[in-house]
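Those letters in the sequence shown? Residues 17 to 222, per our numbering, in order. Quick reminder that beta carbons are idealized off the backbone N, C-alpha and C, glycines included. None of these values were measured; they are calculated from a predicted model. The structure appears right after this line, and notes come after that.
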Amino acid sequence: MFLGVARIVLALVTAAAVGVQFAHGLQSPTFRPTNFFSFFTIQSNVFCAIILLIAGSYALRKRPSDELALLRGASTLYMLITGIVYAALLSGSEAALQTTIPWVNLVVHYVIPLWMLFDWLIDTPALWLNYSAILARWLVYPLGYVFYSLARGAVVGWYPYPFLNARLHGYPFVCAMIVAIAVFSLALGSALVWIAGRPRIRRGHS
């Protein structure tokens with residue numbers, strides 16, 4: 017009961033944070049909705065809100081779902097990438113401080129990533145696919161996002177994050193950053209899959 021209610025409440029909080037930030041942006045004459053929804057943070061939080069709402073409903077009805085477990089893992093990975101990359105590369109930057117409402121920043125970059133990790137640890141599903149199959153599915157979106165950001169940036173001259181700005185830093189730097197984040201994401205995803213595999217291993221020996 018607690019887990020289901022908590023998921024639904026946090027889904028609504030996440031949706032409210034994104035909505036309030038969007039409404040705040042509309043007050044600026046330079047605001048572009050397409051740019052707003054091109055941030056990985058926004059996309060990952062919207063996806064997370066949807067998954068939390070569905071997972072909360074399933075938890076209240078005590079109906080486990082293998083497909084939902086896979087989506088929960090993907091959302092957990094994306095939110096952890098969001099939180100850790102923000103803390104490591106963007107936290108405290110002048111641009112972030114000027115454009116993001118403080119409580120929204122706290123929710124989308126800290127509270128929800130930490131909750132998703134906690135949620136995965138206390139309600140760990142037993143995923144039925146092997147490591148490579150799970151990681152391949154989970155990493156399709158982050159890799160696609162990078163290609164989208166670079167392609168769109170080359171056309172419109174705007175990049176969602178400084179480390180993706182090829183015009184400013186050059187492609188060698190950007191590629192190095194992408195490789196570093198990709199390796200980190202692979203390691204993080206592998207850890208989540210390993211955690212999910214532990215209950216299955218225990219059952220196999222019981």
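- Message: Only counting the same chain, and skipping five residues up and downstream in sequence, which positions put a Cβ closer than 8 Å to that of G173?
- Response: Hits under 8 Å: R183.
- Query: Ends of the alpha helix (DSSP H) at R48?
  - Reply: No alpha helix (DSSP H) contains R48, which DSSP labels as neither H nor E.
- Query: Whose CA, out of I66, P49 and P178, lies closest to the CA of L26?
  - Reply: Nearest C-alpha to L26: I66.
- In the DSSP assignment, find the alpha helix (DSSP H) that holds W174 and state where it starts and stops. No residue range can be given for W174, since it is assigned to no alpha helix (DSSP H) and is classified by DSSP as neither H nor E.
- Within the stretch 90–133, ranges of the alpha helix (DSSP H) (whole runs, at least 4 residues): Annotation note: the stretch 90–133 contains the following uninterrupted alpha helix (DSSP H) runs of length 4 or greater, listed N- to C-terminal: 110–115 and 118–122.
- What number of angstroms, rounded off, separates the C-alpha of A104 from the C-alpha of I97? Each residue's alpha carbon lies about 10 Å from the other.
- State the CB to CB distance for the pair F18 and P176, rounded to an integer number of angstroms; the pair is presumed to be in contact (CB under 8 Å). Not really, about 36 Å apart at Cβ, beyond 8 Å.
- Report the rounded CA-to-CA distance for T30 versus S148, giving the unit in angstroms. CA-to-CA, the gap between T30 and S148 works out to about 30 Å.
- Item | Where S81 falls: helix, strand or coil (DSSP) | In this structure, S81 counts as coil in the three-state DSSP scheme.
- Could you spell out the range, first to last residue, of the alpha helix (DSSP H) harbouring G41? For G41, the uninterrupted alpha helix (DSSP H) run begins and ends at F18 to G41, by DSSP.
- Can you grab the Cα-Cα spacing for the pair A75 / G20, in whole Å? C-alpha of A75 to C-alpha of G20: approximately 5 Å in a straight line.
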